[in-house]
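Q:
There are 2 protein chains.
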Amino acid sequence: MQTELSEQLGVEHAIFGFTPFPAVAAAISRAGGFGVLGAVRYTAPDDLKRDLDWIEANVDGKPYGLDVVMPAKKVEGVTEADVEAMIPEGHRQYVKDTLARYGVPELAEGEASGWRITGWMEQVARNQLDVAFDYPIRLLANALGSPPVDVVKRAHEKGVLVAALAGSARHARKHAEAGIDIVVAQGYEAGGHTGEIASMVLTPEVVDAVDPLPVLAAGGIGSGRQVAAALSLGAQGVWLGSLWLTVTEAETHSRAVTRKLLAAGSGDTVRSRALTGKPARQLRTEWTDAWDDPNGPGTLPMPLQGLLVAEALTRIQKYEVEPLLGTPVGQIVGRMNSERSVQAVFDDLTQGFEQAVDRVNRIAGRVPQS
Amino acid sequence: MQTELSEQLGVEHAIFGFTPFPAVAAAISRAGGFGVLGAVRYTAPDDLKRDLDWIEANVDGKPYGLDVVMPAKKVEGVTEADVEAMIPEGHRQYVKDTLARYGVPELAEGEASGWRITGWMEQVARNQLDVAFDYPIRLLANALGSPPVDVVKRAHEKGVLVAALAGSARHARKHAEAGIDIVVAQGYEAGGHTGEIASMVLTPEVVDAVDPLPVLAAGGIGSGRQVAAALSLGAQGVWLGSLWLTVTEAETHSRAVTRKLLAAGSGDTVRSRALTGKPARQLRTEWTDAWDDPNGPGTLPMPLQGLLVAEALTRIQKYEVEPLLGTPVGQIVGRMNSERSVQAVFDDLTQGFEQAVDRVNRIAGRVPQS
Numbered sequence: 000m001q002t003e004l005s006e007q008l009g010v011e012h013a014i015f016g017f018t019p020f021p022a023v024a025a026a027i028s029r030a031g032g033f034g035v036l037g038a039v040r041y042t043a044p045d046d047l048k049r050d051l052d053w054i055e056a057n058v059d060g061k062p063y064g065l066d067v068v069m070p071a072k073k074v075e076g077v078t079e080a081d082v083e084a085m086i087p088e089g090h091r092q093y094v095k096d097t098l099a100r101y102g103v104p105e106l107a108e109g110e111a112s113g114w115r116i117t118g119w120m121e122q123v124a125r126n127q128l129d130v131a132f133d134y135p136i137r138l139l140a141n142a143l144g145s146p147p148v149d150v151v152k153r154a155h156e157k158g159v160l161v162a163a164l165a166g167s168a169r170h171a172r173k174h175a176e177a178g179i180d181i182v183v184a185q186g187y188e189a190g191g192h193t194g195e196i197a198s199m200v201l202t203p204e205v206v207d208a209v210d211p212l213p214v215l216a217a218g219g220i221g222s223g224r225q226v227a228a229a230l231s232l233g234a235q236g237v238w239l240g241s242l243w244l245t246v247t248e249a250e251t252h253s254r255a256v257t258r259k260l261l262a263a264g265s266g267d268t269v270r271s272r273a274l275t276g277k278p279a280r281q282l283r284t285e286w287t288d289a290w291d292d293p294n295g296p297g298t299l300p301m302p303l304q305g306l307l308v309a310e311a312l313t314r315i316q317k318y319e320v321e322p323l324l325g326t327p328v329g330q331i332v333g334r335m336n337s338e339r340s341v342q343a344v345f346d347d348l349t350q351g352f353e354q355a356v357d358r359v360n361r362i363a364g365r366v367p368q369s
Numbered sequence: 000m001q002t003e004l005s006e007q008l009g010v011e012h013a014i015f016g017f018t019p020f021p022a023v024a025a026a027i028s029r030a031g032g033f034g035v036l037g038a039v040r041y042t043a044p045d046d047l048k049r050d051l052d053w054i055e056a057n058v059d060g061k062p063y064g065l066d067v068v069m070p071a072k073k074v075e076g077v078t079e080a081d082v083e084a085m086i087p088e089g090h091r092q093y094v095k096d097t098l099a100r101y102g103v104p105e106l107a108e109g110e111a112s113g114w115r116i117t118g119w120m121e122q123v124a125r126n127q128l129d130v131a132f133d134y135p136i137r138l139l140a141n142a143l144g145s146p147p148v149d150v151v152k153r154a155h156e157k158g159v160l161v162a163a164l165a166g167s168a169r170h171a172r173k174h175a176e177a178g179i180d181i182v183v184a185q186g187y188e189a190g191g192h193t194g195e196i197a198s199m200v201l202t203p204e205v206v207d208a209v210d211p212l213p214v215l216a217a218g219g220i221g222s223g224r225q226v227a228a229a230l231s232l233g234a235q236g237v238w239l240g241s242l243w244l245t246v247t248e249a250e251t252h253s254r255a256v257t258r259k260l261l262a263a264g265s266g267d268t269v270r271s272r273a274l275t276g277k278p279a280r281q282l283r284t285e286w287t288d289a290w291d292d293p294n295g296p297g298t299l300p301m302p303l304q305g306l307l308v309a310e311a312l313t314r315i316q317k318y319e320v321e322p323l324l325g326t327p328v329g330q331i332v333g334r335m336n337s338e339r340s341v342q343a344v345f346d347d348l349t350q351g352f353e354q355a356v357d358r359v360n361r362i363a364g365r366v367p368q369s
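From first to last, the protein sequence lines are chains A and B. Counting from 0, one number per residue, gives the positions in the first sequence under numbering that gives the first Met the number 0. Counting from 0, one number per residue, gives the positions in the second sequence under numbering that gives the first Met the number 0.
Shown next as structure tokens:
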């Protein structure tokens with residue numbers, strides 16, 4: 000499965016895998032795809048260094064990349080305390096009441112909330128890049144708009160391609176103008192932050208909008224048929240995130256989350272502002288229902304909502320409070336029904352792709368030769 | 000573009016076109032596809048008879064079908080007056096106030112509202128079928144659940160295939176159990192009534208759920224690349240509705256609606272209950288905004304909402320009140336940027352399909368022969 004982009008990056012298959020787990024990223028690259036490590040959780044540069052060292056030792060020399068969360072607009076001199084002070088008391092009380100209703104225990108004294116807003120701040124991402132540019136990464140992706148001009152320049156000087164996610168053609172054109180190399184067209188059905196345009200419509204629209212820049216299709220892809228569809232739509236590869244959440248190599252924090260993912264159908268996700276204040280697709284839970292409840296206070300804008308719920312989510316995850324326990328994931332969760340190795344998932348994708356191509360060739364009246 | 004289903008129906012291309020306009024349906028069949036006439040607006044059997052006669056005279060002997068709106072559950076002894084009486088006064092006042100705010104003129108005395116609930120009632124659909132079964136229709140589609148068992152039986156006795164729309168795998172399995180022959184998997188991005196699962200995820204899910212029944216993919220399809228994608232996903236054909244709204248053969252009531260469709264982007268639709276009480280994708284307008292406004296009374300359930308707004312929609316259309324004027328349409332509206340003949344649209348679809356197959360074959364390393 001070779002496109003100009005996969006050839007440029009030196010990978011066998013134009014399958015890009017985004018994952019927060021180093022073991023999964025390395026396994027994706029070893030299997031012939033392109034593993035991309037999500038860096039948002041590395042607030043300490045040494046932790047990122049440790050995990051990139053591990054990938055280097057385990058990737059068999061195959062190429063890989065890094066995904067950061069770097070806001071396009073710089074927020075100067077705003078501390079976490081400033082943001083905390085903007086959260087209304089009524090919202091804090093709603094979090095307390097909701098947790099109390101489900102009997103969610105408190106954290107131990109001095110135990111930190113796992114997720115902090117700092118992971119989303121530009122300086123943190125810049126510290127991550129200072130670490131990452133010492134490694135032979137081939138791709139730098141940004142999940143939050145185009146990266147700043149100096150970052151794009153620095154990446155290009157190092158021979159690193161820059162990718163950015165887009166949920167609309169307008170958004171994609173802005174990326175192209177900012178000098179990025181690859182657009183990831185993220186459809187409505189994708190996990191995490193998404194727009195409202197579904198992949199079937201979005202992918203060719205973005206392809207046409209940024210031509211000749213290569214586009215990766217993201218959202219709704221978890222089988223070889225879907226890979227073939229995305230490539231038919233004009234993408235130069237696919238960008239898969241959700242599918243790796245249930246692979247055996249994933250160092251998932253919670254067995255309960257894995258069980259929920261394996262059991263969920265395609266209709267069990269919701270595009271909700273409950274997590275960050277911007278619409279993000281995730282498992283629908285009684286927690287997301289509480290934030291979408293017209294009788295509740297509703298969500299706050301980014302970054303307030305994320306800060307408001309950070310400690311609550313840590314408690315829900317730590318104590319595995321099933322009705323409230325969720326995770327970002329796309330509609331493809333309906334196909335994630337067993338725990339398999341990355342290699343087994345890859346074999347399924349590539350074989351399914353070949354079968355889909357065979358089938359479409361028969362429909363088109365072609366007699367293909369290998 | 001030949002699948003088992005297109006061969007069974009004797010059409011050249013596995014492209015099914017749903018349209019309320021006889022001239023469009025006939026042109027689709029003449030172009031080598033399968034035209035399906037939407038019957039919901041034919042409350043008088045003689046009108047349907049007149050238009051089927053016209054199709055017969057203009058379809059060059061090519062096969063075509065009919066789409067009815069037949070509720071799965073029978074509602075006995077309920078008149079339009081009974082339903083009218085269930086509409087709260089506050090909602091009626093909200094309609095009046097909204098129309099007044101935009102200065103929408105009244106209808107002339109005795110002038111009927113164009114759309115009546117009767118078109119959605121089982122007896123009306125049965126009267127339509129009594130007419131249609133005298134014509135050599137090859138397919139009967141139902142937009143509202145599985146048709147009643149006796150209707151499926153009657154169709155099969157006449158050699159007519161029965162299709163039903165589904166927005167989820169569960170829904171599709173119910174159709175299969177009801178003995179229908181074809182499932183139309185209608186994705187989130189489609190125009191009209193839709194569920195929440197996008198075509199990229201829904202199509203293969205429905206294909207697997209009802210195998211070996213053939214599935215047509217609907218939603219987000221308006222180019223050859225999208226046709227290739229849908230067939231890659233396992234569909235035996237595509238079902239296109241929105242795309243024909245702006246063809247030159249369409250007897251559109253309103254030039255203003257056509258102008259709005261040609262100008263709209265993929266982000267200019269909304270899935271709203273404003274039209275019928277069930278979520279249906281349509282152009283976003285100040286009218287749909289008024290019904291989605293948290294300060295308004297909100298929508299009523301089907302069939303109350305449709306009856307509540309029927310006269311208002313007739314007035315908005317008649318006087319072309321631009322800010323309020325909309326129509327059901329899918330996200331593919333972003334590609335509907337010029338008025339072309341059905342044949343030109345068809346040529347674009349089939350040539351684009353061939354190019355997409357060429358491209359995917361190159362990616363797969365195949366050297367296809369014609």
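Just so it is clear, CB atoms sit at the ideal spot from N, CA and C, and this is done for glycine as well.
Taking C-beta pairs closer than 8 Å, name the residues in chain A that Gly218/B reaches, listed in chain order.
A: As a position in the second sequence, residue 218/B is number 219, starting the count at 1. Going along chain A in sequence order, the residues near Gly218/B (Cβ under 8 Å) are Ala197 and Met199.
Q: Please classify Pro300/B: is it buried, with 16 or more other beta-carbons within 10 angstroms of its beta-carbon, or exposed?
A: Here residue 300/B refers to the residue found at position 301 of the second sequence. Counting Cβ neighbours within 10 Å, Pro300/B comes out exposed, since fewer than 16 surround it.
Q: Grab me the residues of Leu201/A's own chain with a C-beta within less than 6 Å of its C-beta, minus the 5 sequence neighbours each way, in chain order.
A: Residue 201/A sits at position 202 when you count from the first residue of the first sequence. If we look at Leu201/A and ignore the five residues flanking it on each side, its Cβ neighbours are Ala184 and Gly186.
Q: Please report whether the beta-carbon of Asn360/A lies at a distance below 8 Å from any beta-carbon of chain B.
A: What you label residue 360/A is simply residue 361 of the first sequence in a count that begins at 1. Yes, Asn360/A lies at the interface with chain B (some Cβ there is under 8 Å from its Cβ).
Q: Suppose the cutoff is 8 Å on Cβ atoms and the five residues either side in sequence are ignored; what does the same chain contact list for Gly223/B look like?
A: Along the second sequence, one-based indexing puts residue 223/B at 224. The answer, listed in chain order, is Asp347, Leu348, Thr349, Gln350, Gly351, Phe352, Glu353, Gln354 and Ala355.
Q: For Val356/A, go through chain B and note every residue whose CB falls closer than 9 Å to its CB, in chain order.
A: Stepping through the first sequence from its first residue, residue 356/A is reached at position 357. Going along chain B in sequence order, the residues near Val356/A (Cβ under 9 Å) are Ser231, Val356, Val359, Asn360, Ile362, Ala363 and Arg365.
Q: For Gly37/A, does the three-state DSSP call read helix, strand or coil?
A: Locating residue 37/A in the first sequence gives position 38, counting from the first residue. Three-state DSSP puts Gly37/A in a strand.
Q: Just confirm the distance between the C-beta atoms of Trp290/B and Ala311/B, as a whole number of angstroms; I'd bet it's less than 8 Å.
A: Translated into the one-based positions of the second sequence, residue 290/B becomes position 291. Translated into the one-based positions of the second sequence, residue 311/B becomes position 312. Not confirmed; about 11 Å, so no contact.
Q: If we define contact as Cβ-Cβ less than 8 Å, is Arg224/B a contact residue for chain A?
A: Here residue 224/B corresponds to residue number 225 of the second sequence, with the count starting at 1. At least one chain A Cβ lies under 8 Å of Arg224/B.
Q: Looking at the C-beta of Tyr41/B, does it have a partner C-beta in chain A at a distance below 8 Å?
A: As a first step, residue 41/B is located in the second sequence; it is residue number 42 there, counting from the start. No, Tyr41/B does not count as interfacial toward chain A.
Q: Are the C-beta atoms of Ala227/A and some chain B residue less than 8 Å apart?
A: As a working note, residue 227/A is residue 228 in the first sequence. Chain B contact via Cβ: present.
Q: Output needed for Glu248/A: all residues of its chain with C-beta closer than 8 Å, excluding positions within five of it in sequence on either side, in chain order.
A: By 1-based counting over the first sequence, the position of residue 248/A is 249. Contacts found: Phe20, Ala22, Val23, Ala26, Ser340 and Val341.
Q: Pick helix, strand or coil for His174/A, following the three-state DSSP scheme.
A: As a working mapping, residue 174/A is identified with position 175 in the first sequence. Correct three-state label for His174/A: helix.
Q: Leaving out five residues on either side along the sequence, give the residues of the same chain with a beta carbon under 6 Å from the beta carbon of Val206/B.
A: Position 207 of the second sequence, counted from the start, is the residue given in the question as residue 206/B. Cβ neighbours of Val206/B beyond the five flanking positions: Val214 and Gly233.
Q: Can you find a CB in chain A that lies within less than 8 Å of the CB of Ser145/B?
A: Taking the first residue of the second sequence as position 1, residue 145/B is located at position 146. No, Ser145/B does not count as interfacial toward chain A.
Q: Could you check what DSSP says for Ile450/B in three-state terms: helix, strand or coil?
A: Here chain B covers residues 0 to 369 and nothing more, so residue 450/B does not appear.
Q: Under 8 Å between C-beta atoms, does Glu188/B make it to chain A?
A: Looking up residue 188/B in the second sequence gives position 189. Yes, Glu188/B counts as interfacial toward chain A.
Q: Are Gly219/A and Val328/A closer than 8 Å when you measure CB to CB?
A: Walking along the first sequence from the start, residue 219/A turns up at place 220. Walking along the first sequence from the start, residue 328/A turns up at place 329. Contact flag unset, no.
Q: At the level of alpha carbons, what is the spacing between Phe17/A and Glu195/A?
A: Position 18 of the first sequence, counting from 1, holds the residue named residue 17/A. Position 196 of the first sequence, counting from 1, holds the residue named residue 195/A. One C-alpha to the other measures close to 21 Å.
Q: Please list, in chain order, the residues of the stretch 202 to 217 of chain B that have any C-beta partner in chain A closer than 7 Å.
A: Those residues of the stretch 202 to 217 of chain B that come within reach of chain A (Cβ to Cβ, closer than 7 Å) are Pro203 and Glu204.
Q: Where do the ends of the beta strand (DSSP E) carrying Ile181/B lie?
A: As a working mapping, residue 181/B is identified with position 182 in the second sequence. It spans Ile181 to Gln185 - the beta strand (DSSP E) in which Ile181/B sits, taken as one unbroken run.
Q: The beta strand (DSSP E) with Arg280/A in it runs from where to where?
A: For the purposes of this step, residue 280/A is identified with residue 281 of the first sequence, where counting begins at 1. Note, Arg280/A: beta strand (DSSP E), Ala279 to Leu282.
Q: Measuring only between beta-carbons, confirm whether Glu353/A sits less than 8 Å from chain B.
A: By 1-based counting over the first sequence, the position of residue 353/A is 354. Yes, contact with chain B.
Q: Excluding five sequence neighbours on each side, which residues of the same chain lie with their C-beta closer than 6 Å to the C-beta of Val68/A?
A: Position 69 of the first sequence, counted from the first residue, corresponds to residue 68/A. Contacts found: Val39, Trp119, Ala142 and Leu143.
Q: Rounding to the nearest angstrom, what Cα-Cα distance links Ile86/A and Gly76/A in this structure?
A: In the first sequence, the residue the question calls residue 86/A occupies position 87. In the first sequence, the residue the question calls residue 76/A occupies position 77. Straight-line Cα distance between these residues: approximately 18 Å.
Q: So what does Ser271/A bridge to, in DSSP terms?
A: Numbered from its first residue, the first sequence carries residue 271/A at position 272. DSSP lists Ala279/A as partners of Ser271/A.
Q: Taking 8 Å as the threshold (C-beta atoms), are Leu65/A and Leu164/A in contact?
A: For the purposes of this step, residue 164/A is taken as the residue at position 165 of the first sequence. For the purposes of this step, residue 65/A is taken as the residue at position 66 of the first sequence. Not closer than 8 Å, so no.
Q: Taking the beta strand (DSSP E) that Ala216/A falls in, what are its first and last residues?
A: Start at 1 with the first residue of the first sequence, and residue 216/A comes out as number 217. Looking at the DSSP string, the run of the beta strand (DSSP E) that includes Ala216/A is Val214 to Ala217.
Q: Given that Ser167/B touches chain A, what residues does it touch there, using C-beta distances under 9 Å?
A: Mapped onto the second sequence, residue 167/B falls at position 168. Going along chain A in sequence order, the residues near Ser167/B (Cβ under 9 Å) are Gly264, Ser265 and Gly266.
Q: Chain B partners of Ala69/A, CB-CB under 9 Å?
A: The residue you call residue 69/A lines up with position 70 of the first sequence. Checking the displayed sequence, the identity of residue 69/A turns out to be Met instead of Ala. Near Met69/A there are no residues of chain B at all, since even the closest Cβ is about 25 Å away, more than 9 Å.
Q: Any idea what DSSP makes of Val103/B, helix, strand or coil?
A: Here the question's residue 103/B lines up with position 104 in the second sequence. Val103/B: coil per DSSP, three-state reduction.
Q: Say whether the stretch 92 to 105 of chain A touches the stretch 152 to 167 of chain A, bearing in mind that this needs 3 or more beta-carbon pairs closer than 8 Å, one atom from each stretch.
A: In short, these stretches do not touch, since the Cβ pair count stays below three.
Q: Among the residues of its own chain, which have a CB less than 6 Å from the CB of Pro146/A, if the five just before and after it don't count?
A: Against the first sequence, residue 146/A aligns to sequence position 147. Closer than 6 Å at the Cβ level, and outside the excluded window around Pro146/A, lie Met69.
Q: Mind checking if Thr247/B is an interface residue toward chain A, Cβ cutoff 8 Å exclusive?
A: Here the question's residue 247/B lines up with position 248 in the second sequence. It does not; no Cβ of chain A falls within 8 Å.
Q: Near Gly31/A, which residues of its chain fall below 6 Å by C-beta distance, leaving aside the five closest residues on each side in sequence?
A: By 1-based counting over the first sequence, the position of residue 31/A is 32. Once the five neighbours on either side are set aside, the close Cβ partners of Gly31/A are Glu11 and His12.
Q: Thinking C-beta only, is Gln281/A closer than 8 Å to Thr275/A?
A: Reading the first sequence from its first residue, position 276 is the one you call residue 275/A. Reading the first sequence from its first residue, position 282 is the one you call residue 281/A. Cβ atoms of Thr275/A and Gln281/A: not closer than 8 Å.
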